[in-house]
Amino acid sequence: MDKPLGPGLYIVATPIGNLGDITLRAIETLRGVALVACEDTRVTGRLLSHLGIKARLLRHDDHADARAHEALLERIAAEPVALVSDAGTPLISDPGYRLVREARARGLNVTTIPGPSAMVAAITLAGLPSDRFLFAGFLPAKAKARAEVLAELAGVPATLVFYETSPRLIEALEAIGQALPGREVAVARELTKLFEECHSGPPAELAAHYTAHPPRGEIVLLVGPPVPKGPATMAEAEAMLRAELSHAKPSQAAATVARTTGLDRKALYARAMELK
Ligand code: SAM
34 MDKPLGPGLY IVATPIGNLG DITLRAIETL RGVALVACED TRVTGRLLSH
84 LGIKARLLRH DDHADARAHE ALLERIAAEP VALVSDAGTP LISDPGYRLV
134 REARARGLNV TTIPGPSAMV AAITLAGLPS DRFLFAGFLP AKAKARAEVL
184 AELAGVPATL VFYETSPRLI EALEAIGQAL PGREVAVARE LTKLFEECHS
234 GPPAELAAHY TAHPPRGEIV LLVGPPVPKG PATMAEAEAM LRAELSHAKP
284 SQAAATVART TGLDRKALYA RAMELK
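So the mapping is simple: this note's numbering equals the position in the sequence shown, first residue as 1, plus 33.
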């Protein structure tokens, strides 16, 4: 490095699987800082030792107590400090928000060294519209909370991007099939790693595939935007109502079909009661 780094917080992205994805600036910065604040000193220690960098490590996250948080901010004011997460870009479903916000509020130098993030890698790979997307982090693990989040996002005219874990993938696909009928879904798994794959299709098809081939590793789940179409006919709406009634109450079925078709919810509820 030509010039020593000045005091401040350096937000450094690290690889999401393939160590070759570390950037030159990330290496220079990690080499030049006085301290690396990280989620897990063992994980970051392994990365630094792979890069041949000796650095002081400090475990830190958004739940650190007030004293530890204050002490780190004082160090950021006095010397260069890097912030990294276990993998990918800090703050993206990872700690750092509280630190960055407070460092900026104090007028400290805050800069970013961008690099890998699973969310961006997945949106480039999935073949779903990439002009507008909404990153929604992890879906809740509990069925009710997950259904609520999906219902809230159903009308967003953008590709939806979620982080997911392999044990919860099938449940999540089933929930998406129910809450967002007719939408194309993509599963991007093990990005940048040896077994990278990306499958897309209707959620029921993907759920069947992953039931037969239980997934392992890390996953980004994407849902294509609502498909714009002309007003649905009552016959189309009835077919959708019948499908919804197989697992939902008439009021829920009517709400889902009203959201998807734009038809009147009360009329759909009345029809759902007859079909029930
Ligand atoms: N900050 C990270 C980033 O920028 O991607 C994400 C951290 S979040 C705690 C971890 C989640 O990211 C995983 O559960 C998975 O959903 C996703 N993820 C991370 N690496 C991945 C990979 N190589 N392939 C697919 N998904 C990945």
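Every residue gets a Cβ at the ideal spot worked out from N, C-alpha and C, and that includes glycine.
Remember, predicted model here, so these are calculated numbers, not experimental data.
Residue range of the unbroken alpha helix (DSSP H) whose run includes residue i
i       : result
Gly-65  : 57-65
Ala-155 : 151-158
Gly-78  : 74-83
His-102 : 99-111
Ala-284 : Residue identity differs from the one stated: residue 284 is Ser in this sequence, not Ala. Per DSSP, Ser-284 belongs to the alpha helix (DSSP H) from 283-294.
Leu-206 : 202-212
Ala-300 : 298-308
Val-133 : 130-138
Val-182 : 176-186
Arg-92  : Per DSSP, Arg-92 belongs to no alpha helix (DSSP H); it is in the beta strand (DSSP E), 90-92.
Pro-236 : 236-245
Leu-278 : 267-278
First through last residue of the beta strand (DSSP E) which encompasses residue i
i      : result
Ile-44 : 41-45
Straight-line Cα distance separating residue j from residue i
i       : j       : result
Leu-81  : Val-143 : 22 Å
Tyr-119 : Gly-148 : For the sequence presented, residue 119 should be read as Asp rather than Tyr. Distance between the alpha carbons of Asp-119 and Gly-148: 13 Å.
Leu-183 : His-96  : 27 Å
Gly-295 : Val-256 : 20 Å
Leu-38  : Arg-58  : 12 Å
Tyr-130 : Met-273 : 42 Å
Thr-145 : Tyr-196 : 22 Å
Ser-150 : Arg-275 : 41 Å
Pro-173 : Lys-36  : 45 Å
Gly-170 : Ala-219 : 16 Å
Arg-139 : Ala-221 : 39 Å
Asn-51  : Glu-229 : 11 Å
Gly-53  : Gly-121 : 13 Å
Leu-158 : Ser-233 : 10 Å
Ser-163 : Arg-216 : 15 Å
His-246 : Ser-199 : 11 Å
Pro-283 : His-242 : 30 Å
Leu-227 : Glu-251 : 12 Å
Ala-281 : Thr-244 : 23 Å
Ala-99  : Val-133 : 15 Å
Thr-312 : Glu-204 : Any property of residue 312 remains undetermined from this structure, which presents the chain solely from 34 to 309.
Residue i and residue j closer than 7 Å at C-beta
i       : j       : result
Leu-202 : Pro-248 : yes
Arg-92  : Thr-74  : yes
Ala-191 : Pro-258 : yes
Pro-123 : Ala-67  : no
Leu-161 : Ala-110 : no
Thr-56  : Val-117 : no
Leu-42  : Cys-71  : no
Leu-84  : Ile-60  : yes
Pro-40  : Asp-94  : no
Contacts around residue i, its chain only, beta-carbon distance under 6 Å, and the 5 residues preceding and following it disregarded
i       : result
Leu-206 : Pro-236, Leu-239 and Ala-240
Val-189 : Leu-167
Arg-179 : Leu-172, Pro-173 and Ala-208
Arg-165 : Ala-191
Gly-176 : The residue you asked about is not Gly; residue 176 is Ala in the sequence shown. Closer than 6 Å at Cβ, skipping near neighbours: no residue.
Cβ shell of residue i (< 7 Å), same chain only, five flanking positions each side left out
i       : result
Met-152 : Ile-125, Phe-168, Val-194 and Val-253
Lys-299 : none
Ala-88  : Leu-63, Val-66, Val-69 and Leu-81
Leu-278 : Ala-286, Ala-305, Leu-308 and Lys-309
Glu-135 : Leu-106
Ala-288 : Arg-298
Arg-137 : Val-143
Residues bridged to residue i [DSSP beta-bridge criterion]
i       : result
Ile-252 : Glu-197 and Arg-222
Ala-230 : The residue asked about is misnamed: residue 230 is Glu in this sequence, not Ala. Note: Glu-230 sits in a beta bridge opposite Arg-222.
Ile-146 : Val-45
Leu-167 : Leu-193
Ala-115 : Tyr-43 and Val-69
Gly-121 : Thr-47
Any non-hydrogen atom of the ligand NAP within 6 Å of residue i CB
i       : result
Ser-150 : Looking at this structure, you won't find the ligand NAP anywhere; what it does contain is the ligand SAM.
Close Cβ partners of residue i (< 8 Å) along its chain, the five nearest in sequence each way excluded
i       : result
Ala-270 : Val-290, Thr-294, Leu-296, Leu-301 and Arg-304
Ala-155 : Val-194, Ala-219, Ala-221, Leu-224, Cys-231, Val-253 and Leu-255
Arg-108 : Ala-67, Leu-68 and Val-114
Ala-212 : Ala-180, Leu-183, Ala-184, Ala-187 and Thr-289
Proximity test, Cβ basis, 7 Å: residue i and chain C
i       : result
Arg-249 : The question asks about chain C, but that chain is absent: this structure has only one protein chain.
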